[in-house]
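What follows is a single structure, written as structure tokens, with notes after it.
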Ligand code: GLN
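Numbering (this note's numbering), first residue to last: 7 to 351.
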């Protein structure tokens, strides 16, 4: 499903910093267009049908400008990209103290689908990996499964600007092969973390993983997180500032599974990946970045997604601890970077 699939740059209201974004994503799309490292996820059979060469980069700034290149209209499923948004929704509905009784905030160092709980607490380690995400899904308020799904889609709709669809084929494919997630769910029920009907919670989890977006949609979702929780295109609030703080913090420390340390070291901004090939990153106060490229590394992160973000962070000085002035992308550590580059590191 592709709304359009061309290579182009679209931008409006170009200022100086905005021109830099446009030329950076265009350059990086060219740089990585022919990179074919990694493999498409196939443990969910429906995901293996995707064209591995698809590649899009989209940026939405907090003032609503949009820059986009490549297959930005191709529709793909969110998979774990949904986790931070569901976590935020549940935080807003139930409050931090309640949610913390069911899920921790520690990086795991384990694969995203590990059948592991925190030894000390018997809770899942964090809401970004499958165990934590399933526990959080089990907390979504509502009268019945349909009501809960509708609330979920309405929430995602506020981030995107329109309600998304659930890809039924991916949902069915994941449901029929999801025994690993089923094992995690039973383990959590044993420890009292999951109290609702297991099949119902898992169905809802598989549905949220199967929510379909384009790379442009994903950049708008990321930009909403960057803009204090308000969608820069519609002006609608999608998440409270209080919940946003927790969501970005956990994305920062746990968003790329066992590569999270390498990520914050190299890129230094909150991000999340999904096995559908999407990856998004948030530059608070400035922009949301989304990449879609289905070939994954061994940790399940989009290979081109990681490369693009790493280079973009450097080109635009996005790392939170070298982030530039309020007005642009000046780099206070430029001399260090140049020295490091000259020494080949
Ligand atoms: N739906 C996938 C799963 O549960 C999500 C994993 C991911 O995107 N990392 O295995």
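By construction, the Cβ of each residue, glycine as well, lies at the ideal position given by its N, Cα and C atoms. This one's a predicted model, so the numbers in the text were calculated from it and none came from an experiment.
Taking C-beta to C-beta, are residue i and residue j nearer than 8 Å?
{"i": "residue 66", "j": "residue 293", "result": "yes"}
{"i": "residue 82", "j": "residue 182", "result": "no"}
{"i": "residue 286", "j": "residue 295", "result": "yes"}
{"i": "residue 221", "j": "residue 64", "result": "yes"}
{"i": "residue 232", "j": "residue 127", "result": "no"}
{"i": "residue 278", "j": "residue 130", "result": "no"}
{"i": "residue 155", "j": "residue 249", "result": "no"}
{"i": "residue 99", "j": "residue 165", "result": "no"}
{"i": "residue 132", "j": "residue 119", "result": "no"}
{"i": "residue 92", "j": "residue 152", "result": "no"}
{"i": "residue 145", "j": "residue 105", "result": "yes"}
{"i": "residue 77", "j": "residue 298", "result": "yes"}
{"i": "residue 354", "j": "residue 148", "result": "The structure shown does not extend to residue 354, since the chain spans only 7 to 351, so no value can be given for it."}
Using only alpha-carbon positions, find the residue among the options that is nearest to residue i.
{"i": "residue 268", "options": "250, 313 and 281", "result": "313"}
{"i": "residue 59", "options": "167, 108 and 40", "result": "40"}
{"i": "residue 262", "options": "28, 303 and 55", "result": "303"}
{"i": "residue 37", "options": "327, 325 and 318", "result": "318"}
{"i": "residue 33", "options": "321, 115 and 326", "result": "321"}
{"i": "residue 235", "options": "251, 301 and 140", "result": "251"}
{"i": "residue 27", "options": "72, 185 and 173", "result": "72"}
{"i": "residue 45", "options": "306, 324 and 134", "result": "306"}
{"i": "residue 42", "options": "52, 61 and 48", "result": "61"}
{"i": "residue 134", "options": "201, 84, 80 and 289", "result": "84"}
{"i": "residue 253", "options": "22, 205, 206 and 95", "result": "95"}
{"i": "residue 162", "options": "79, 230 and 328", "result": "230"}
Can you give the Cα-Cα distance for residue i and residue j, rounded to whole angstroms?
{"i": "residue 377", "j": "residue 215", "result": "Because the chain here runs from 7 to 351, residue 377 falls outside it and cannot be looked at."}
{"i": "residue 168", "j": "residue 228", "result": "15 Å"}
{"i": "residue 111", "j": "residue 124", "result": "10 Å"}
{"i": "residue 281", "j": "residue 208", "result": "17 Å"}
{"i": "residue 74", "j": "residue 309", "result": "19 Å"}
{"i": "residue 283", "j": "residue 117", "result": "16 Å"}
{"i": "residue 57", "j": "residue 300", "result": "8 Å"}
{"i": "residue 50", "j": "residue 170", "result": "21 Å"}
{"i": "residue 54", "j": "residue 176", "result": "10 Å"}
{"i": "residue 196", "j": "residue 224", "result": "35 Å"}
{"i": "residue 172", "j": "residue 140", "result": "17 Å"}
{"i": "residue 203", "j": "residue 114", "result": "26 Å"}
{"i": "residue 25", "j": "residue 324", "result": "16 Å"}
{"i": "residue 192", "j": "residue 121", "result": "10 Å"}
{"i": "residue 35", "j": "residue 239", "result": "25 Å"}
{"i": "residue 289", "j": "residue 326", "result": "8 Å"}
{"i": "residue 30", "j": "residue 199", "result": "45 Å"}
{"i": "residue 79", "j": "residue 226", "result": "13 Å"}
Using 10 angstroms around the beta-carbon of residue i, count the other beta-carbons present and answer buried if the total reaches 16, otherwise exposed.
{"i": "residue 190", "result": "buried"}
{"i": "residue 350", "result": "Per-residue confidence for residue 350 stands at a pLDDT of 38, beneath the threshold of 50, marking its modelled position as unreliable; the derived number appears in the next sentence. Result: exposed."}
{"i": "residue 185", "result": "exposed"}
{"i": "residue 266", "result": "buried"}
{"i": "residue 150", "result": "exposed"}
{"i": "residue 174", "result": "exposed"}
Under 8 Å between C-beta atoms, does residue i make it to chain D?
{"i": "residue 61", "result": "Here chain D cannot be found, since the structure has a single protein chain."}
Give every residue whose Cβ lies closer than 6 Å to any heavy atom of the ligand HEM, listed in chain order. Inclusion of the ligand HEM in the displayed structure is not the case, the ligand content consisting of the ligand GLN alone.
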